[in-house]
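Asker:
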Amino acid sequence: MKEKIQIRDAYEHNLKHLNLDIPLEAFTCVTGCSGCGKSSLVFDTIYAESQRGLLEGITGNIYGQKLMNKPKVGSIENLRPALNISQNYYNVNPRSTVGTVSEISYYMRSLFALCNSTTNHIVSESIFSANNPKSFCPNCSGLGVERVVSEDLLIPDKDKTLREGGILFFKGAPESKEQKYLEALCDQYDIDIDTKIRNLSSAQLHQLLYADENIRYMLSYKEGRRRKKHYVDLNGAIPSILNQRSAIGEISDEGGPYAQYMSEVPCHICHGAKLSPDVLLYHVGDKNYADIEKMELSELNDWLSKFEPGWAGDGKQSIAVQIVTSIRHRINSLILLNVGYLSLNRPIPTLSGGERQRVRIAAQLTCSLKGLIYILDEPCKGLHERDISKLVTSTESLISRGNTVIAIEHSPRYIAAADHVVELGPVGGPKGGYLINESDGISQKMPSLAFRPESKFHDYVSLHSIKYHNIQNQNIEFPIGGITCITGVSGSGKTSLAYVIAKCCVGQESGICKAAIGMDSIHRVIRVDQAPIGKTPRSTIVSYLGIYDEIRNLFASTPEARKNKMSASMFSMNLKGGRCECCQGTGLKKIELNYLPDTFITCPECGGSRFHEEVLKIHYNDKNIRDILEAPIEQVLDVFTGTKKIEPVLRSMISLGLGYLRLGQMSMNLSGGEAQRIKLARALGTPSRSESLYILDEPTSGLNDVDIERFISVIETLRSHGDTILIIEHNIPFITKCADYIIDFGIYGGTSGGRVVAQGTARKVFSDPATSIYGLYNLEEA
Numbered sequence: 001m002k003e004k005i006q007i008r009d010a011y012e013h014n015l016k017h018l019n020l021d022i023p024l025e026a027f028t029c030v031t032g033c034s035g036c037g038k039s040s041l042v043f044d045t046i047y048a049e050s051q052r053g054l055l056e057g058i059t060g061n062i063y064g065q066k067l068m069n070k071p072k073v074g075s076i077e078n079l080r081p082a083l084n085i086s087q088n089y090y091n092v093n094p095r096s097t098v099g100t101v102s103e104i105s106y107y108m109r110s111l112f113a114l115c116n117s118t119t120n121h122i123v124s125e126s127i128f129s130a131n132n133p134k135s136f137c138p139n140c141s142g143l144g145v146e147r148v149v150s151e152d153l154l155i156p157d158k159d160k161t162l163r164e165g166g167i168l169f170f171k172g173a174p175e176s177k178e179q180k181y182l183e184a185l186c187d188q189y190d191i192d193i194d195t196k197i198r199n200l201s202s203a204q205l206h207q208l209l210y211a212d213e214n215i216r217y218m219l220s221y222k223e224g225r226r227r228k229k230h231y232v233d234l235n236g237a238i239p240s241i242l243n244q245r246s247a248i249g250e251i252s253d254e255g256g257p258y259a260q261y262m263s264e265v266p267c268h269i270c271h272g273a274k275l276s277p278d279v280l281l282y283h284v285g286d287k288n289y290a291d292i293e294k295m296e297l298s299e300l301n302d303w304l305s306k307f308e309p310g311w312a313g314d315g316k317q318s319i320a321v322q323i324v325t326s327i328r329h330r331i332n333s334l335i336l337l338n339v340g341y342l343s344l345n346r347p348i349p350t351l352s353g354g355e356r357q358r359v360r361i362a363a364q365l366t367c368s369l370k371g372l373i374y375i376l377d378e379p380c381k382g383l384h385e386r387d388i389s390k391l392v393t394s395t396e397s398l399i400s401r402g403n404t405v406i407a408i409e410h411s412p413r414y415i416a417a418a419d420h421v422v423e424l425g426p427v428g429g430p431k432g433g434y435l436i437n438e439s440d441g442i443s444q445k446m447p448s449l450a451f452r453p454e455s456k457f458h459d460y461v462s463l464h465s466i467k468y469h470n471i472q473n474q475n476i477e478f479p480i481g482g483i484t485c486i487t488g489v490s491g492s493g494k495t496s497l498a499y500v501i502a503k504c505c506v507g508q509e510s511g512i513c514k515a516a517i518g519m520d521s522i523h524r525v526i527r528v529d530q531a532p533i534g535k536t537p538r539s540t541i542v543s544y545l546g547i548y549d550e551i552r553n554l555f556a557s558t559p560e561a562r563k564n565k566m567s568a569s570m571f572s573m574n575l576k577g578g579r580c581e582c583c584q585g586t587g588l589k590k591i592e593l594n595y596l597p598d599t600f601i602t603c604p605e606c607g608g609s610r611f612h613e614e615v616l617k618i619h620y621n622d623k624n625i626r627d628i629l630e631a632p633i634e635q636v637l638d639v640f641t642g643t644k645k646i647e648p649v650l651r652s653m654i655s656l657g658l659g660y661l662r663l664g665q666m667s668m669n670l671s672g673g674e675a676q677r678i679k680l681a682r683a684l685g686t687p688s689r690s691e692s693l694y695i696l697d698e699p700t701s702g703l704n705d706v707d708i709e710r711f712i713s714v715i716e717t718l719r720s721h722g723d724t725i726l727i728i729e730h731n732i733p734f735i736t737k738c739a740d741y742i743i744d745f746g747i748y749g750g751t752s753g754g755r756v757v758a759q760g761t762a763r764k765v766f767s768d769p770a771t772s773i774y775g776l777y778n779l780e781e782a
């Protein structure tokens, strides 16, 4: 009989003192609704205790301090070292690529060095690294891209006049510095300030954007209540932005006052190759190193299959063949997990959560370690139903080497392959956390399909000759006021199409779409993706929702706060005054170790309360600020009944099944599905009187059937209000139940994809043999 991880009295977060056994060297799935305790069991108990034991065992606790909080569990027996391969793997460094994470780039650099070295001239593998200052492109420092001022970002709406802010850089109040600067510029070039951007001549627009004559001008304007007057150099918007960025030393790509006008484009020197011209002179066969890095993995695999040992030269052929074999082994692991459409130079931050996780799983498939526990978080996320069997094969490969896999998952196809299934529930939040069922595998029960009744639509959005990434010369349409699902396998073009539609809706179709028709009916675009909403303990749900200022103002307005002269800033986690300075308002203390991962423990000074005692004595509707931040949202809703901004946002959170979350919860610990629904809740909490377009990216990811039904009711409400909903989705029962219209990209990704194979009503697309969703379910049961 196999050994088991024996967990006794687990009560972390909402877990109800659970006792359970998880078999070692087997595949276990943990499932249940959102907030039921899955992450509390898998990450905050099993993984956390494994990490704590490993850290304190390695260091011998030589630091004489608490390195990690002990999970709230009586005991865990037979625990092994655990490796977290989750979607919450934050790596925002653009230098981290598919090639570096998979280690393929290291082997490829070695191959290039070997093939280009001679007895008289040894080539180091490091010269092929885009991180090497001696060999990278001096203009982009090896990133392959540079940031430039974008005309599209400066001028999002060509129907606005100059005075109305047609050029955003010059937008301001009538007496502001920006408006007075624009007036002076228009006077200088004899341009009517009340002219629409669309009606300016090309010469006039060029002067407003690019003039760089440095004309000295005495500018008079108001700043607050004060009037200021001084000399300025009159230039067009773009030289002004570049000069001011240089003056203030704005080097951040993401921050700074002018980042909103900057876009990323290929480096004009190396054209994306990242390396200096002399490095690109080295070849293996007919390819230089940049050629290799930009090839799709499946294409690169084909090229390597034709590798000629003679390319390495005499005496080095056997070593070259070994390197090529190692590279192909790693590439095949990635292809197996259906990410063969990626390239080695693809930055990790640009990958979806599912892609990122599968790249890391593939790296482990080539690892020779055994006896580990692999923790997976929704590994089927972003994976088409056709490809789940490939993920099952990869999971079984890890098991066959003597490892244990514990996965949080909702996909019936993946769960059906598990050796052991743990179901938690019955609901999310404080009332959840119970062990509902524990079994050695379950039979796969596929739901029957039920199409929604077809509706007649009179108005459509049409896009013609779309050209973006792998989408080339495609035409699409979708109904205004309906729900449209975009389907297709990974890498087929779904996300690219959503990006194009969003750009076209705000008048930025230049270069990516020849014509966009019907956009006049859409007045607001809300794009809700699964990008994380925060990466540090300082980023919390309440700050992202945009309601913390209102909450702090309410506390500051109480008689007790006014009596003690406490302003709203006293209730801030980010400002000095009322917060605990030991943890700076996070409630956690970061422990940094030079060669081990950073860990967090409860702040020893405030005990996790975040604030000083005098602040916690102030109550609003019988709750102090800690109560508001630490209680589940569904428990604090009544506190804010009648508030114009706070109540609608909290109700949106609850309607989306997120009432179990806490406002003060760290956003870095949210799943991708939770992050997306929080973004949607924020959008729903600020209603618009005009028709909106909602673009959602796999919104059912991480949801079980109960949560999905709740989400469906929300989007049906939006539809009933005349809003248009566009959804990238793989969940077929959800698609059939909701979709008025489907755009399908078929079964091929990468350069072989990017082609719309069918579009129309759900029944029409499901019946088309060329689509990605044909034949997966029995349509006769609908």
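Note that the sequence shown covers residues 1 to 782 in my numbering. For glycine and all other residues, C-beta sits at the position ideal for the given N, C-alpha and C.
Measuring CB to CB, does residue 660 end up less than 7 angstroms from residue 632?
Answerer: Their beta carbons are under 7 angstroms apart, which means residue 660 touches residue 632 by this criterion.
Asker: Look at the Cβ atom of residue 397, then the Cβ atom of residue 366, and state whether they are nearer than 7 angstroms.
Answerer: For residue 397 and residue 366, no; Cβs fall outside 7 angstroms.
Asker: Just confirm the distance between the C-beta atoms of residue 33 and residue 428, as a whole number of angstroms; I'd bet it's less than 8 angstroms.
Answerer: Going by Cβ atoms, the distance from residue 33 to residue 428 rounds to 5 angstroms, so yes, they are a contact pair.
Asker: Please list, in chain order, all residues of the same chain as residue 665 whose beta carbon is under 8 angstroms from its beta carbon, the five residues on each side excluded.
Answerer: These residues qualify, in order along the chain: 540 and 541.
Asker: Per DSSP, which residues does residue 376 bridge with? Please list them.
Answerer: In the DSSP output, where bridge partners are listed per residue, residue 376 has 85 and 407.
Asker: In its own chain, which residues sit with a C-beta less than 6 angstroms from the C-beta of residue 767, not counting the 5 before and 5 after it?
Answerer: So no residue of the chain qualifies.
Asker: As a quick exercise: from 551, 564, 583 and 49, pick the residue whose alpha carbon is nearest that of residue 571.
Answerer: For the residues 551, 564, 583 and 49, the minimum Cα distance to residue 571 belongs to 551.
Asker: Flag this pair as touching only if the region 96-110 and the region 322-340 have three or more C-beta atom pairs under 8 angstroms; answer yes or no.
Answerer: With the cut-off at 8 angstroms, the region 96-110 and the region 322-340 touch.
Asker: Which residue's Cα is closest to the Cα of residue 606: 581, 98, 691 and 185?
Answerer: With distances taken between Cα atoms, residue 606 lies closest to 581.
Asker: What residue does the beta strand (DSSP E) around residue 146 start on, and which one ends it?
Answerer: Taken as a continuous stretch (DSSP letters only), the beta strand (DSSP E) holding residue 146 covers 145-149.
Asker: Of all the options 656, 335 and 720, which has the alpha carbon lying nearest to the alpha carbon of residue 302?
Answerer: Among 656, 335 and 720, the Cα nearest to that of residue 302 is on 335.
Asker: Should the region 154-168 be called in touch with the region 123-140, which here means at least 3 C-beta pairs below 8 angstroms?
Answerer: In short, these stretches do not touch, since the Cβ pair count stays below three.
Asker: On the DSSP bridge list, what partners appear for residue 474?
Answerer: Answer is 466.
Asker: Out of 619, 17, 3 and 225, which one is the CA nearest neighbour of residue 435?
Answerer: Checking every option, the nearest Cα to that of residue 435 belongs to 17.
Asker: For residue 747, count neighbouring Cβ atoms within 10 angstroms of its own Cβ and tell me buried if that reaches 16, exposed if not.
Answerer: Result: buried.
Asker: Could you give the first and the last residue of the continuous beta strand (DSSP E) run that contains residue 821?
Answerer: Nothing in the structure corresponds to residue 821, since the chain is present only between 1 and 782.
Asker: Assuming contact is defined by CB atoms lying nearer than 7 angstroms, are residue 26 and residue 419 in contact in what I supplied?
Answerer: Their beta carbons are under 7 angstroms apart, which means residue 26 touches residue 419 by this criterion.
Asker: Using the C-alpha atoms, what's the distance from residue 139 back to residue 252?
Answerer: Confidence at residue 252 is low in this model, with a pLDDT of 47, below 50, so its placement is unreliable and no value can be given for it.
Asker: Just mark residue 478 as buried or exposed, buried being the case when its beta carbon has 16 or more other beta carbons within 10 Å.
Answerer: Residue 478 should be labelled buried.
Asker: With a 10 Å radius around its C-beta and 16 neighbouring C-beta atoms as the bar for buried, classify residue 653 as buried or exposed.
Answerer: Residue 653 comes out buried.
Asker: Apart from the five residues on each side of it in sequence, which residues of its chain come closer than 8 angstroms, Cβ to Cβ, to residue 239?
Answerer: Contacts found: 210, 211 and 212.
Asker: Could you spell out where the alpha helix (DSSP H) holding residue 797 opens and where it closes?
Answerer: It is not possible to answer for residue 797, since the shown part of the chain is limited to 1 through 782.
Asker: Quick check on residue 756: does DSSP put it in helix, strand or coil?
Answerer: Of the three classes helix, strand and coil, the one that applies to residue 756 here is coil, per DSSP.
Asker: Does the region 551-561 come into contact with the region 668-684, if we say contact requires no fewer than three beta-carbon pairs (one atom in each stretch) closer than 8 angstroms?
Answerer: Judged by Cβ distances under 8 angstroms, the region 551-561 makes no contact with the region 668-684, as fewer than three pairs qualify.
Asker: By a C-beta neighbour count over all protein chains shown, 10 Å radius and 16 as the cutoff for buried, is residue 121 buried or exposed?
Answerer: Per the 10 Å Cβ criterion, exposed.
Asker: Report the option in 8, 338 and 22 whose CA atom is closest to the CA atom of residue 440.
Answerer: For residue 440, the nearest C-alpha among the options comes from 22.
Asker: With three or more C-beta pairs closer than 8 angstroms as the rule, is the region 342-353 touching the region 386-403?
Answerer: The region 386-403 vs the region 342-353: no contact.
Asker: Which residues in the same chain as residue 11 place their Cβ atom closer than 6 angstroms to its Cβ, once the five residues preceding and following it in sequence are excluded?
Answerer: Answer for residue 11: 17 and 72, listed in chain order.
Asker: Please classify residue 203 as buried or exposed, where buried requires at least 16 other C-beta atoms within 10 Å of its C-beta.
Answerer: With fewer than 16 Cβ atoms within 10 Å of its Cβ, residue 203 is classed as exposed.
Asker: Give every residue of the same chain whose Cβ lies closer than 6 angstroms to the Cβ of residue 64, excluding the five residues on either side of it in the sequence, and list them in chain order.
Answerer: Residue confidence for residue 64 is low, a pLDDT of 45 falling below 50, so the modelled location carries little weight and cannot support an answer.
Asker: For residue 580, decide whether its Cβ has a neighbour in chain C, counting only Cβ atoms nearer than 7 angstroms.
Answerer: In summary, chain C is missing from the structure at hand, where a single protein chain is found.
Asker: Write down the C-beta distance between residue 424 and residue 41 rounded to the nearest angstrom, noting that I regard them as a contact closer than 8 angstroms.
Answerer: With 8 angstroms as the limit, residue 424 and residue 41 qualify as a contact, their Cβ atoms being about 7 angstroms apart.
Asker: Please say whether residue 451 and residue 771 have beta carbons closer to each other than 7 angstroms?
Answerer: Cβ atoms of residue 771 and residue 451: not closer than 7 angstroms.
Asker: What are the uninterrupted segments assigned as beta strand (DSSP E) that are 3 or more residues long and contained completely in the region 568-616, given in chain order?
Answerer: Listed in chain order, the complete beta strand (DSSP E) runs (minimum 3 residues) inside the region 568-616 are 588-593 and 596-602.
Asker: With the cut-off set at 7 angstroms, would you say residue 692 and residue 723 are in Cβ contact?
Answerer: In this structure, residue 723 lies closer than 7 angstroms to residue 692 by Cβ.
Asker: Which word fits residue 457, buried or exposed, when buried means at least 16 other C-beta atoms lie within 10 angstroms of its C-beta?
Answerer: Classification of residue 457: exposed, given that the 10 Å Cβ count is below 16.
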